[in-house]
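Take a look at the structure below.
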Amino acid sequence: MYYFLRLTRALDERAHVLQQQNKVVGGLFSNQGQEAISIGSAFALEKRDYVAPMIRNIGTVLVRGHSARDIMTQYLAKATSPTRGRDNSQHFGDVERTGVVAYISMLGTMVPVMAGMALGARLKGEDRVALTYIGDGATSTGDFYEGLCLASVQKLALVVIIENNQYAYSTPTSKQSLLENLSDKAKAFGIPGITGDGNDVLEVYRLAKRCIEDARAGGGPQILELKTFRMRGHAPHDNQAYVPKGLIEAWRKKDPIGRFEAVLGFGEAEKAEVGARVAAVVEDAVKFAEESPLPDGKEALQGVFEDDSIVPFTPWWRRDA
Amino acid sequence: MYYFLRLTRALDERAHVLQQQNKVVGGLFSNQGQEAISIGSAFALEKRDYVAPMIRNIGTVLVRGHSARDIMTQYLAKATSPTRGRDNSQHFGDVERTGVVAYISMLGTMVPVMAGMALGARLKGEDRVALTYIGDGATSTGDFYEGLCLASVQKLALVVIIENNQYAYSTPTSKQSLLENLSDKAKAFGIPGITGDGNDVLEVYRLAKRCIEDARAGGGPQILELKTFRMRGHAPHDNQAYVPKGLIEAWRKKDPIGRFEAVLGFGEAEKAEVGARVAAVVEDAVKFAEESPLPDGKEALQGVFEDDSIVPFTPWWRRDA
Amino acid sequence: MPELTFLDAISRGLWEEMEADPTVFLMGEDIGAYGGAFKVTKGFLEKFGPGRVIETTLSEEGFVGAAIGAAYTGLRPVVEFQFIDFIACAFDMIVNVAGTSRYRWGKGVPVTFRGPWGAGGRAGPFHSRSIEMWFAHSPGLKVVAPATPSDAKGLLKACIRDNDPCIFLEHKHLYRRIKEEVADGSPAIPLGRARVVRPGEDLTIVTYGMMLHRTMEAVAALEGRSIEVLDLRTIYPLDRAAVVESVKKTGKVMTVTEDTRTGSIAGEIAAVLCEEAFEHLDGPVVRVTSPDVPIPFAPTLEDAVLPSVKDIAGAADRLLRY
Amino acid sequence: MPELTFLDAISRGLWEEMEADPTVFLMGEDIGAYGGAFKVTKGFLEKFGPGRVIETTLSEEGFVGAAIGAAYTGLRPVVEFQFIDFIACAFDMIVNVAGTSRYRWGKGVPVTFRGPWGAGGRAGPFHSRSIEMWFAHSPGLKVVAPATPSDAKGLLKACIRDNDPCIFLEHKHLYRRIKEEVADGSPAIPLGRARVVRPGEDLTIVTYGMMLHRTMEAVAALEGRSIEVLDLRTIYPLDRAAVVESVKKTGKVMTVTEDTRTGSIAGEIAAVLCEEAFEHLDGPVVRVTSPDVPIPFAPTLEDAVLPSVKDIAGAADRLLRY
Ligand SMILES: Cc1ncc(C[n+]2csc(CCOP(=O)(O)OP(=O)(O)O)c2C)c(N)n1
Ligand SMILES: Cc1ncc(C[n+]2csc(CCOP(=O)(O)OP(=O)(O)O)c2C)c(N)n1
Ligand SMILES: [Mg+2]
Ligand SMILES: [Mg+2]
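Protein sequence lines correspond, in order, to chains D, L, S and Z.
FYI, the working numbering numbers position 41 of the first sequence as 73, with every residue one higher than the one before it.
FYI, the working numbering numbers position 127 of the second sequence as 159, with every residue one higher than the one before it.
FYI, the working numbering numbers position 103 of the third sequence as 106, with every residue one higher than the one before it.
FYI, the working numbering numbers position 138 of the fourth sequence as 141, with every residue one higher than the one before it.
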């Protein structure tokens, strides 16, 4: 777990440097300070389970078996990336190999989709749990609600982790909901909902494990709210001027990596050893991504349908006269 | 109130006769057994308040000042109907005169819309409450949820009455939700939610009054669940075969009209007197509706936009050669 | 061969696919014991059990999302909308998640979305809409709209077997009005191919759905004229080749749809003909459509809005004389 | 006269309308202290207060519904989508509640829906879509898509003052790229009227949004040819008369849009020309559009999909030589 925490952090730092150099295509959404949630929960899943990460759940996909190269090539929109440059950053997956489902930008959509994966698994007689994450902001979407309505009466093995990082872009959670704990939303469905410390990777692991195994045992969907803080702006152009003074500093003291180091009793030597391993992996990923070509424009017309002949079409002015 | 209970019932009975005679255009959605909810809650509103009825809230619009003729001409799609034959049955209203907002078929939509009416009133410095009804089934829509999310943080003077008549078409409430009381959905928003007896018009009035005045006093949105039973099928073609034996009979004993008569201590004489008044009003409405013309086809192209010239268009084959 | 109504043909098609392929299952409101609002799935619960006939909550976006998820696990969900108009409530999920999925990350979404569609039934603005172009215009979705029982059965099978999301439109006005002999176990009919319903030399009328039947009536009224009638059957992908081939013969094309004019498939056909057969056009490509208004409720109003047999015949006659 | 970027012009238009009419107010995500994702409403909270600059929950269908309700009380809400793509999440509310309201029960819905729109920004499939035809095809909605700062300001004012629902599309690629002098207090520009950007004799190019700028580049590259360029400005209602009038002069028409081909406004224009100006057409109505694919993320892929200056010039050249 420690390795993944460090790797996630290092990838994020490095991506921001690349972003400064104008090498990152499109947006960049930092997960600094929130890494424990992705990693603790991903460790709590079985290999056969399904998971849909959000854009900030880099840690999850790494634990599930995607590589640092996958992350970096996605940021740089390269032909070697999992989506071959078709979709942004964290929007990729591989159901068969890693059980990861590609997220899309419309927030909330993955709750019904993952409910459906749990349903599919059950119909096929397979013992798989489906897990997804949702931001504090996105808990205000109808999709979150409709997915859980269906999942609750169907008693689907779905775990929804509310990653409450206090903000949705510039909007504080107090402007999304009157609730102190968003896990109380579970009461609308008659399902279990608990809240925990999202900056403590071991607590995350323990609570996620409990929810996952309860869901697996037939307990129906589970909501787990994990409190954390988004240490950077929504994206690099956001200077977080709307965050009250001192709050960021207060949360910096609760940094999940530092806390876990304390638990592990790691000294400088151990940290440096992992740091070196991580640096090598990041370096390799960046090098690989930078050296990879952009996709060939000709590919743009392929792959909308299984039958690739439906879309391509010679426009009038390109035909022989 | 008693008059309106009887009038609503009589209109429903009569509409079913017309339906048998193939005179009703489109669907017919009975409110038998549920009349107390519409009428008790409509009486609890102030004249200045806004209300969006569902298709089964005939009683509400009558109390608000729409006539039996309005109801019957809508059923018969006549030119004299409030929508001049443009929309179905219960889909009409008149914001200025009656404060009634026209419903649409997509269930759930009126929750956000009525939240907006409460917002509009507040922005204009007006002291108005907005009330709407929603079926047990429609509490599973994202619209219900999103409307209340917004209303809760904005502390809007919105009252949502959940008319839990045990079924959504053929689907029992147990297949919509694990909750015993749907008013518990309020807990997802951190707002008050209560449950009451929807077949007791005085209890409906009392609870609705409380919610309305709490909302008016700045208490934010309120959920009031009223339990009742849909005594007929979803629409005339539905024979309710899916309803367990005995259930309808059990609920017939709780008929809101009979119960209110007992409370009032009405004997046959009082009942007959109101019955005669009601019969005359229904007769007049039916006669008026039957004698009214269907709308002129030429009107079909008008009124999409304020500027009526945008839509009409002479097709090629109708132009002069 | 059994004589099947349009509705029965759809029901049989669904039944045969469910029998043949255990990965096919159903989702929707009231489709279980009740058999669905129009009884398309009557008897399915008894035969296939609650594991394959899943009654959902009243949450269109939710159950469409769940169908997509189930498809990701390798199943083939068939989703019923009680009326196709309610597909608007699941719009985001269909155009954004389902439509783009294969293109984005290579994961196809073999879901069939089906439901009663179309006007003419005095059902008002929210139970009568033509929704085909919302989806034909959104990349990654196929849109299918049969006009006969045999096509309905065969095309529904093709949709279910297709590895991409298909929207299958069942004109509710045809459900119990038309009958045809359709063999048990009849094969799937390939998507994307129009059908020449009647050959002709002087004019091509392109149509689909209920309007095919009105068109045939109009053509009958114009007896003696040589009119070719093409039933599109699939709106997306459009069978451009069939339309172009027909105009090469007739030189004149007219489209008939109950959809509202602006942005309907009729415009697309005009554009395709301009681009691919301009030199063959002996007259304007003429559109007979509804005007850009919601479908009104009253019979007189609805009739004024929808193309009538007289409208179609009048337009055809005028174009023939052009 | 101040020189304004496209974005500033929109911001000024909004500001002036809010100053002039106390019933105008704003709703949207992050539009308050933060000033909106693109800073269109920067400073509005300070000036107009939280009563008129309402930051919403992350609930598009919910706040769109609330805007409709507020409009029913006599107000004029202006709703921002953080990216216009998220309008898909409020689709039902817009097409079914807002679009049909006046027709159904006579109650107009003076709401303006606005947001950053369009491709070219390497923003991927969910932040680049052309959404205009979903709404132009749905009765009761107006769709406006300006291409210059002065048009943006004037047309936004017209939308806000309009008593029917308008969808106002702001091409985000133009936000900070183009500038123009626009007077303070400039008037509203009527909806539904195209603008002749450049007169010509031999070919008409009809376009809108960012593609107007690519078209002008292409026309510049084709120097010496007499090309008329028409900026539609409003997609619905379409200025049929302007298009027809132009073709009467030039005889040839080409449409350019970044929207995907099938069902785009380009087909509508072809159909209108067939119906209203067939005898004036000296060549096919040619469409330059994106193919029917989601907008991909990588620069190379996105560039392959969107019409380029070269595509436009090539098509124009070919059509001129037809
Ligand atoms: C349906 C929808 N509406 C709006 C947006 C624009 N948007 C992108 S991120 C964001 C804030 C999300 O906040 P939250 O859900 O708390 O997630 P976080 O970014 O904090 O992880 C918004 C509003 C979106 N992606 N989807
Ligand atoms: C969004 C939506 N989906 C589906 C329907 C079709 N439909 C009409 S009534 C109904 C059942 C409604 O049940 P409930 O909300 O309990 O109201 P009730 O009829 O019992 O008053 C359904 C599913 C609809 N009108 N709207
Ligand atoms: Mg957040
Ligand atoms: Mg009910």
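Ideal Cβ placement from N, Cα and C applies to all residues, glycine included.
The model shown is predicted, which means the values in this text are computed figures rather than measured ones.
Reference residue 212 (chain D), options D:202, D:227, D:200, closest by Cα: As a working mapping, residue 212 (chain D) is identified with position 180 in the first sequence. In this structure, D:227 is the residue among D:202, D:227, D:200 with its C-alpha nearest to the C-alpha of residue 212 (chain D).
Given 7 Å as the limit, tell me if residue 201 (chain L) has its C-beta closer than that to any heavy atom belonging to ligand 2. In the second sequence, counting from the first residue as 1, residue 201 (chain L) sits at position 169. Result yes, Cβ under 7 Å from ligand 2.
For residue 36 (chain D), collect the residues of the same chain with a Cβ closer than 7 Å to its Cβ; drop the 5 residues on either side in sequence, then sort them by chain order. For the purposes of this step, residue 36 (chain D) is identified with residue 4 of the first sequence, where counting begins at 1. Residues of the same chain with a CB within less than 7 Å of the CB of residue 36 (chain D), apart from the 5 flanking positions on each side, are 71, 91, 94, 95 in chain order.
Please check if any C-beta of chain D sits within less than 8 Å of the C-beta of residue 181 (chain L). For the purposes of this step, residue 181 (chain L) is taken as residue 149 along the second sequence, with counting starting at 1. Residue 181 (chain L) counts as touching chain D.
Got a sec: which bits of the region 111 to 137 of chain Z sit with their beta carbon under 7 Å from any beta carbon on chain S, in order along the chain? Interface annotation for the region 111 to 137 of chain Z against chain S: 128, 129, 136, 137, criterion Cβ-Cβ distance under 7 Å.
Using a beta-carbon distance below 8 Å, is residue 107 (chain S) in contact with chain Z? In the third sequence, residue 107 (chain S) corresponds to position 104, counting from 1. Residue 107 (chain S) counts as touching chain Z.
Applying a beta-carbon distance threshold of less than 7 Å, which residues of chain D neighbour residue 28 (chain S)? For the purposes of this step, residue 28 (chain S) is taken as residue 25 along the third sequence, with counting starting at 1. What residue 28 (chain S) touches in chain D: 155.
Test: residue 89 (chain D) CB closer than 8 Å to a CB of chain Z: Counting from 1 along the first sequence, the entry for residue 89 (chain D) is found at position 57. Taking CB atoms only, residue 89 (chain D) has no neighbour in chain Z less than 8 Å away.
My parser needs the alpha helix (DSSP H) runs of 4 or more residues fully inside the region 97 to 128 of chain S; what are they? You should have 102 to 108.
Looking at residue 148 (chain Z): is its Cβ nearer than 8 Å to the Cβ of residue 236 (chain Z)? Position 145 of the fourth sequence, counted from the first residue, corresponds to residue 148 (chain Z). Position 233 of the fourth sequence, counted from the first residue, corresponds to residue 236 (chain Z). Yes.
Output, in chain order, the set of chain S residues within a Cβ distance shorter than 8 Å of residue 329 (chain L). As a first step, residue 329 (chain L) is located in the second sequence; it is residue number 297 there, counting from the start. Within 8 Å Cβ-Cβ: 303, 304, 306, 307.
Residue 4 (chain S) burial status per 10 Å Cβ neighbour count (16 or more: buried): Numbered from its first residue, the third sequence carries residue 4 (chain S) at position 1. Burial call: exposed.
For the region 161 to 179 of chain D and the region 40 to 55 of chain Z, state whether three or more C-beta atom pairs, one from each stretch, are separated by less than 8 Å. Too few Cβ pairs lie closer than 8 Å, so no.
Counting C-beta neighbours from all protein chains within 10 Å, is the total for residue 340 (chain L) 16 or more, i.e. buried, or is it exposed? For the purposes of this step, residue 340 (chain L) is taken as residue 308 along the second sequence, with counting starting at 1. Answer is exposed; the Cβ neighbour count stays below 16.
DSSP three-state call for residue 216 (chain Z): helix, strand or coil? Numbered from its first residue, the fourth sequence carries residue 216 (chain Z) at position 213. Helix, per DSSP.
Output needed for residue 47 (chain S): all residues of its chain with C-beta closer than 6 Å, excluding positions within five of it in sequence on either side, in chain order. For this step, residue 47 (chain S) is matched to residue 44 along the third sequence. The residues are 56.
Using a C-beta cutoff of 8 Å, does residue 96 (chain Z) count as contacting chain L? Walking along the fourth sequence from the start, residue 96 (chain Z) turns up at place 93. Answer yes: the Cβ-Cβ gap between residue 96 (chain Z) and chain L drops below 8 Å somewhere.
Measuring alpha carbon to alpha carbon, tell me which residue in D:69, D:198, D:105, D:128 is nearest residue 261 (chain D). In the first sequence, counting from the first residue as 1, residue 261 (chain D) sits at position 229. Answer by Cα proximity: D:198.
Taking the alpha-carbon positions, what's the residue 40 (chain S) to residue 117 (chain S) distance? As a first step, residue 40 (chain S) is located in the third sequence; it is residue number 37 there, counting from the start. As a first step, residue 117 (chain S) is located in the third sequence; it is residue number 114 there, counting from the start. Rounded to whole angstroms, residue 40 (chain S) and residue 117 (chain S) show a C-alpha spacing of 13 Å.
For a contact defined as C-beta to C-beta under 9 Å, what are the partners of residue 221 (chain D) on chain Z? For the purposes of this step, residue 221 (chain D) is identified with residue 189 of the first sequence, where counting begins at 1. Chain Z residues near residue 221 (chain D): none, gap ~18 Å exceeds 9 Å.
Cβ of residue 143 (chain L) within 8 Å of Cβ of residue 192 (chain L)? Residue mapping note: residue 143 (chain L) aligns to position 111 of the second sequence, counting from 1. Residue mapping note: residue 192 (chain L) aligns to position 160 of the second sequence, counting from 1. Contact flag set, yes.
How about the region 118 to 128 of chain Z and the region 290 to 301 of chain S: do they share at least three Cβ pairs that are nearer than 8 Å? By the Cβ test, the region 118 to 128 of chain Z is not in contact with the region 290 to 301 of chain S, since fewer than three Cβ pairs between them sit closer than 8 Å.
What did DSSP end up calling residue 156 (chain Z) once you bin it into helix, strand or coil? For the purposes of this step, residue 156 (chain Z) is taken as residue 153 along the fourth sequence, with counting starting at 1. DSSP places residue 156 (chain Z) within a helical segment (H, G or I) once states are collapsed to three.
If you measure from the CB of residue 63 (chain L), is any heavy atom of ligand 4 nearer than 7 Å? Residue mapping note: residue 63 (chain L) aligns to position 31 of the second sequence, counting from 1. Closer than 7 Å to some heavy atom of ligand 4: that does not describe the Cβ of residue 63 (chain L).
Within the chosen definition, does the region 324 to 338 of chain D reach the region 104 to 120 of chain D through at least 3 CB pairs nearer than 8 Å? Counting Cβ pairs under 8 Å, three or more are found: they touch.
Against residue 92 (chain Z), what residues of chain D qualify as contacts under a CB-to-CB distance less than 7 Å, listed in chain order? Translated into the one-based positions of the fourth sequence, residue 92 (chain Z) becomes position 89. Under the 7 Å cutoff, chain D gives 138.
If you reduce the DSSP assignment to three classes, tell me which class residue 204 (chain L) lands in. Stepping through the second sequence from its first residue, residue 204 (chain L) is reached at position 172. Correct three-state label for residue 204 (chain L): strand.
Taking only beta-carbon positions, decide if residue 62 (chain S) is within less than 8 Å of chain L. In the third sequence, residue 62 (chain S) corresponds to position 59, counting from 1. Yes - at least one Cβ of chain L is within 8 Å of the one on residue 62 (chain S).
Quick one: which chain L residues come within Cβ less than 9 Å of residue 178 (chain D)? By one-based count along the first sequence, residue 178 (chain D) stands at place 146. Under the 9 Å cutoff, chain L gives 172, 173, 174, 177.
Would you mind telling me which residues of chain L sit closer than 8 Å to residue 208 (chain D), beta carbon to beta carbon, in chain order? Taking the first residue of the first sequence as position 1, residue 208 (chain D) is located at position 176. Per Cβ cutoff of 8 Å: 181, 185.
Go ahead and label residue 80 (chain D) buried or exposed: buried means 16 or more other beta carbons lie within 10 angstroms of its beta carbon, across all protein chains shown. Along the first sequence, read from residue 1 onward, the residue named residue 80 (chain D) stands at position 48. Taking every protein chain shown into account, the CB of residue 80 (chain D) has fewer than 16 other CB atoms within 10 angstroms, so this residue is exposed.
Give every residue of the same chain whose Cβ lies closer than 7 Å to the Cβ of residue 326 (chain S), excluding the five residues on either side of it in the sequence, and list them in chain order. Here chain S comprises residues numbered 4 to 325, so residue 326 (chain S) is not present and cannot be evaluated.
Reducing DSSP to helix, strand and coil, say where residue 276 (chain L) ends up. Here residue 276 (chain L) corresponds to residue number 244 of the second sequence, with the count starting at 1. DSSP places residue 276 (chain L) in coil when its eight states are reduced to three.
Should residue 366 (chain L) be listed as close to ligand 3, given that the test is whether its C-beta is under 7 Å from any heavy atom? Limits of chain L in this structure are 33 at one end and 353 at the other, which puts residue 366 (chain L) out of reach.
Determine, for residue 53 (chain Z), whether the minimum Cβ-Cβ distance to residues of chain D falls below 8 Å. Locating residue 53 (chain Z) in the fourth sequence gives position 50, counting from the first residue. Under the Cβ criterion of 8 Å, residue 53 (chain Z) is not counted among the residues facing chain D.
What does residue 159 (chain S) touch in chain Z if you count any residue whose Cβ is under 9 Å from its own? Here residue 159 (chain S) refers to the residue found at position 156 of the third sequence. In chain order: nothing, as chain Z lies at least about 23 Å away.
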